[in-house]
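Protein chains in written order, with my numbering: chain A, 1 to 289; chain B, 290 to 548; chain C, 549 to 897.
Don't be surprised by glycine CBs; every beta carbon is placed ideally from N, CA and C.
Some notes on the structure that comes next.
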Amino acid sequence: MSNGSKKRKNTVPLLATISPVAIWLLLLVAAPLLYVFFLSFMATDGYNVVFKFNLDNYKNLLNPTYLEIYRNSFIIAFFTTLICILLGYPFAYIMASVGKRSKTIMMIMLMVPFWTNSLIRLNGWKTILGKTGVLNSLLLSMGIIGEPLEILYTRGAVLLGMVYTLIPYMILPTFASIDKLDGTLLEASGDLGANKLHTFLHVTLPLTFPGIFSGSIMIFIPCLGFFFVSDIMGGGKSQLIGNLIENQFKAANNWPFGAALSVMLIALILIMVAIYKKSGGDMEDLGVM
Amino acid sequence: MKKKKGKVLSRIFTALIYIFLYLPIAVIILYSFNTSKMNIVFEGFTLEWYGRLFRNDSLLEAYGNTLLVGIVSTIIATLIGTLASYGMYKFKFRGKRIIDMLLYIPVVIPEIVLGISLLAIFNLSNIPMGLVSLIIAHATFSIPFVVFTVNARLSGFDKSVEEAAMDLGAGRLKTFLTVTLPIIMPGVISGAFLAFTLSVDDIIISFFTTGPGSNTFPLKVMELTKTGVTPDVYALSTIVLVITIIFVIITQREKKNSV
Amino acid sequence: MKKMRMLVLTVVYAMAALVLAGCGKKDNGTLNLFMWTEYLPDSVIEGFEEETGINVEMQTYSNNEEMLAKVQGSNAGAYDIVCPSDYMVENMISQNLLLELDTSKLTNFKNLSEAYLNPSYDPGNKYSIPYLGGAGLVVYNKNMVSPDADFTNYEELFNPAYENSIVMLDDFRAIIGVTSLASGFDFNETDEAKLSQVKDKLLTLKPNIKSLDSDSPKTLMITEETAVGLIWSAEAALAMQENENLDIAFPEQGLYLFLDNLCITKDAKNAENAYKFIDYILNAEVNKEISTEFPYLNPNEAGVALMDDAYKNNKAIAIPAEEIAKGYYVMNIGKTVDTYSEMWAEFTK
Chain A
1 MSNGSKKRKN TVPLLATISP VAIWLLLLVA APLLYVFFLS FMATDGYNVV FKFNLDNYKN
61 LLNPTYLEIY RNSFIIAFFT TLICILLGYP FAYIMASVGK RSKTIMMIML MVPFWTNSLI
121 RLNGWKTILG KTGVLNSLLL SMGIIGEPLE ILYTRGAVLL GMVYTLIPYM ILPTFASIDK
181 LDGTLLEASG DLGANKLHTF LHVTLPLTFP GIFSGSIMIF IPCLGFFFVS DIMGGGKSQL
241 IGNLIENQFK AANNWPFGAA LSVMLIALIL IMVAIYKKSG GDMEDLGVM
Chain B
290 MKKKKGKVLS RIFTALIYIF LYLPIAVIIL YSFNTSKMNI VFEGFTLEWY GRLFRNDSLL
350 EAYGNTLLVG IVSTIIATLI GTLASYGMYK FKFRGKRIID MLLYIPVVIP EIVLGISLLA
410 IFNLSNIPMG LVSLIIAHAT FSIPFVVFTV NARLSGFDKS VEEAAMDLGA GRLKTFLTVT
470 LPIIMPGVIS GAFLAFTLSV DDIIISFFTT GPGSNTFPLK VMELTKTGVT PDVYALSTIV
530 LVITIIFVII TQREKKNSV
Chain C
549 MKKMRMLVLT VVYAMAALVL AGCGKKDNGT LNLFMWTEYL PDSVIEGFEE ETGINVEMQT
609 YSNNEEMLAK VQGSNAGAYD IVCPSDYMVE NMISQNLLLE LDTSKLTNFK NLSEAYLNPS
669 YDPGNKYSIP YLGGAGLVVY NKNMVSPDAD FTNYEELFNP AYENSIVMLD DFRAIIGVTS
729 LASGFDFNET DEAKLSQVKD KLLTLKPNIK SLDSDSPKTL MITEETAVGL IWSAEAALAM
789 QENENLDIAF PEQGLYLFLD NLCITKDAKN AENAYKFIDY ILNAEVNKEI STEFPYLNPN
849 EAGVALMDDA YKNNKAIAIP AEEIAKGYYV MNIGKTVDTY SEMWAEFTK
């Protein structure tokens, strides 16, 4: 078969699969992106956007205070992703190894809590973790602690809130990739005893890495922007990039600077993915391309 | 012996994860019966908050809207996302990198920006503000999550299975539907779950893309939480939770009977 | 096939819920209202619909900037009435978004107290009618602070004795404004040299903050997790009902005030109905109903007069007129807002 005819043969299925997403993205996502990009070069008079080209917003990004906020956000996002992998991967592994009917039940049981509004669930955590909350009262009455623990309004509480809000985004893609492994492979690795860890590290993990990668993307990126988690669990005292951006679009009403922050964030994430592609070799194997 | 121990360990681990996930839910249910308005100490049992809710029929309407928008936008996002993931896996074409890049944008762009831009686009194109605009907006932010999840399933997918089917004379569409789709189905379902979850939880984008008279449930919740989360909100969440669980059980039963 | 049927069932179920809820609406002219969340009792809207036969559609918002963005982005005249706060009124006037009002159509305009009329953001009330408002009050727990603590001065908030025991509004203009007042400067200070002093002072406040919370700061005061708070007056009033150890103070430097206003949009499709609605709200009896449900600061003298003594004597709700007179509204500070943002980032990082 010549190359040319193969190409022609591919045109119809290519159009059928790609054109819906291409049109959708170009109409509804490219436009906002261009708008943000344009806005990031504008100025403000304190109330309204002034259409005057300038680079001040980008210079302002390098302010040492803001740099520290970026650093803190990346640390929180990193640890959230890591904890989600450590908790989510084994869970997904177990979910993939049970029978078909149990699988469905496990998955629905996993998702049901997430259909309650996240703000309310985080407030549930507040009731548990507060100084006079459920956990402290319990521990105090059992005599395990003498003084109430200060958990709420710390960075640790923010981390807990992030993991809690984002963990299904790790479990589901890792499940999708573990589940495709041959069942006999999982069983075989279970029977091998001493070689179990070896098999896992050298067979299972590499084969399911695409799931971990997809999950990490869906956790790391939103984590940088989830301002409400830091507001509710951290008492507004551990600002993240998301809070900084949110503040520009609301209270401070400085949209151009908020746009510049967003452009920077978008650029950083695309660069990170690109570096990963370069170092990780063929992305098709990782399922991201 | 060892195998049994492993099974016990995995049972305990699973149980701990579920406890972690359901702990705040348990608190929400418990405190929805609390006589105190403050959600701090459990003072006594009451049904007062439930009584107040049943007099509020706008909540029912909002819940219906959320369900409708959630289901329809999930179907759209799952269809488009699955096709896209498959197409990008299978074919090399010009502009692939641009689509790949654009997929990250809804995840990373501030929600308020996406919300305002969509509002502007809907106004320019005369799409009526209401359920239609909400569905389009929700599908927009859900598509990438479906694509990423299906990607996780597709990677390492053995292309020879498809080729074998085609060698046997099956058409492309038939091969996709009968061979490929069943294999990637767990990924598609996982993606659909994420899309639905995103939709029923969204506040900011819904605020900008809804029109007068079509409130969604999270927007209503937002109203109720303005002066702090009160037991009414907890009661409301409990009712929704119970309805969801009943609905899930019924559909599971139906599925079981049909098998 | 089965799956398909389930899907259809689900959609039908959702549609049914929708249709059921949508039944029973009468049509006799409409009014599109864009209001703050939890700010207007349903009973008042129902009363208005009954009296006039006008069908009211209400959408709500919880942030001035979001309201503005939505009004600007929507088709002209999508909303008839909006409820911007003080500084946002000024902004919306400058953007030509509001209708110049004919107060002769408002028979109940006379019910408003002079203290709230002719505000700096809209001289002569050409575009805005005061609706409800509030102030940032200092509230403290008598048992948790020393007997000689003096909260009639903002300076007391900076006392290192209150380490990790203050809750404040998550509002950068409020906190920086109050810090500026404590330093002897203006609430809306724009002098960069003075602001650099304010910044140093603000950082001394940081160790004292337990939580920044605009939604429900009262909770921490009631549970005695914090000894001192700078919180909204309505929240302070609720907190005092729940915990009798709490008291409030009016710092001598003056209060941070906000006032929300009823305005008609420039392109309102139902402007006449909007006038009717505003006049209905200004009616003393109706106003009493609003204040009973939402005990905010009420500029409607005639409405307040009908309230009981518990309301009138509660200083956290009915803030004395002389305190209102010395108070400050948030004003446009132009580019200086960048300095404020940076200070705030430093404070909350």
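Go to residue i, then tell me how far its alpha helix (DSSP H) extends in each direction, as first and last residue.
{"i": "B:GLU400", "result": "400 to 413"}
{"i": "B:LYS495", "result": "The question names Lys, yet the displayed sequence has Ser at residue 495 of chain B. Per DSSP, B:SER495 belongs to the alpha helix (DSSP H) from 493 to 498."}
{"i": "C:CYS811", "result": "Segment 804 to 812 is the beta strand (DSSP E) holding C:CYS811; no alpha helix (DSSP H) there."}
{"i": "C:ASN689", "result": "Counting along the chain, C:ASN689 falls outside any alpha helix (DSSP H), though it belongs to the beta strand (DSSP E) covering 677 to 689."}
{"i": "A:ILE212", "result": "205 to 225"}
{"i": "C:VAL619", "result": "612 to 621"}
{"i": "A:MET111", "result": "100 to 111"}
{"i": "C:ASP795", "result": "C:ASP795 -> not in any alpha helix (DSSP H); beta strand (DSSP E) instead, spanning 794 to 797."}
Among residues of its own chain, excluding the 5 on either side of residue i, which ones have a beta-carbon nearer than 7 Å to its beta-carbon?
{"i": "A:TYR70", "result": "ILE241"}
{"i": "B:ALA441", "result": "GLY476"}
{"i": "B:VAL358", "result": "LEU420, LEU423, ILE424, HIS427, SER488 and THR505"}
{"i": "B:VAL518", "result": "ASN328"}
{"i": "C:VAL604", "result": "LEU579, LEU581, ILE593, PHE596 and GLU597"}
{"i": "B:PHE496", "result": "GLY404 and LEU508"}
So, residue i versus residue j, is the Cβ gap smaller than 7 Å?
{"i": "B:GLY266", "j": "B:ILE493", "result": "Outside the modelled stretch of chain B, which goes from 290 to 548, sits residue 266 of chain B, for which no answer is possible."}
{"i": "C:MET769", "j": "C:ALA782", "result": "no"}
{"i": "C:TYR908", "j": "C:GLY802", "result": "In the structure as shown, chain C starts at 549 and stops at 897, and residue 908 of chain C therefore has no counterpart that could be examined."}
{"i": "B:PHE334", "j": "B:PHE343", "result": "no"}
{"i": "A:MET272", "j": "A:ILE219", "result": "no"}
{"i": "C:ASN809", "j": "C:ASN656", "result": "no"}
{"i": "A:MET95", "j": "A:MET106", "result": "yes"}
{"i": "C:LEU645", "j": "C:LYS814", "result": "yes"}
{"i": "C:VAL726", "j": "A:ALA252", "result": "no"}
{"i": "A:THR165", "j": "A:SER118", "result": "yes"}
{"i": "C:TYR804", "j": "C:ALA722", "result": "yes"}
{"i": "A:SER177", "j": "A:PRO210", "result": "yes"}
{"i": "C:GLY851", "j": "C:ASN861", "result": "no"}
{"i": "C:ASP696", "j": "C:GLU704", "result": "no"}
{"i": "A:ILE145", "j": "A:LEU139", "result": "yes"}
Label residue i either buried or exposed according to how many other C-beta atoms from any shown protein chain fall within 10 Å of its C-beta, with 16 as the threshold for buried.
{"i": "B:LEU470", "result": "exposed"}
{"i": "A:ILE266", "result": "buried"}
{"i": "B:ILE308", "result": "exposed"}
{"i": "B:GLU400", "result": "buried"}
{"i": "A:PHE38", "result": "exposed"}
{"i": "A:VAL21", "result": "buried"}
{"i": "C:CYS571", "result": "Confidence in C:CYS571 is poor, its pLDDT being 43 and thus under 50, which makes the residue's placement unreliable; the coordinate value appears in the next sentence. So C:CYS571 ends up on the exposed side."}
{"i": "A:PHE53", "result": "exposed"}
{"i": "A:MET111", "result": "buried"}
{"i": "C:PRO868", "result": "exposed"}
{"i": "C:LEU743", "result": "buried"}
{"i": "A:PRO168", "result": "buried"}
{"i": "C:LEU568", "result": "Low confidence applies to C:LEU568: its pLDDT is 46, below 50, so where it sits in the model is not reliable enough to give any reading."}
Between which residues of its own chain and residue i is the CB-CB distance below 8 Å, once the five residues before and five after are set aside?
{"i": "C:ALA775", "result": "TYR688, ASN689, MET692, VAL693, TYR710, SER713 and ILE714"}
{"i": "A:ILE120", "result": "none"}
{"i": "C:LYS758", "result": "ASN712, SER713, ILE714, VAL715, LEU768, GLU773 and THR774"}
{"i": "C:ASN793", "result": "ASN689, LYS690, ASN691, MET692 and GLU772"}
Under DSSP, the beta strand (DSSP E) around residue i begins and ends at which residues?
{"i": "C:GLU605", "result": "603 to 609"}
{"i": "C:PHE582", "result": "578 to 584"}
{"i": "C:LYS758", "result": "757 to 760"}
For residue i, which residues from the same chain have a beta carbon less than 6 Å from its beta carbon, with the 5 sequence-adjacent residues on both sides left out?
{"i": "A:SER216", "result": "THR81"}
{"i": "C:VAL746", "result": "THR727, SER728 and SER731"}
{"i": "B:ILE398", "result": "none"}
Residues within the region 454 to 471 of chain B neighbouring chain A, beta-carbon criterion of under 7 Å: ARG461
Taking a Cβ distance cut-off of 8 Å, strictly less, list which residues of the region 853 to 884 of chain C are near chain A, in chain order. ASN880, ILE881, GLY882, LYS883 and THR884
Give the residues from the region 55 to 68 of chain A that approach chain C closer than 8 Å (Cβ to any Cβ), ordered along the chain. ASN60, ASN63, THR65, TYR66 and GLU68
Using a Cβ cut-off of 8 Å, which residues of the region 232 to 247 of chain A contact any Cβ in chain C, in chain order? GLY235, GLY236, LYS237, SER238, GLN239, ASN243, LEU244 and ASN247
Residues within the region 673 to 693 of chain C neighbouring chain B, beta-carbon criterion of under 7 Å: none
Short of 8 Å Cβ to Cβ, which residues in the region 381 to 393 of chain B face chain A? PHE382, GLY384, LYS385, ILE388, ASP389, MET390, LEU391, LEU392 and TYR393
Cβ-based contacts, 7 Å cut-off: residues of the region 490 to 502 of chain B near chain A: ASP490
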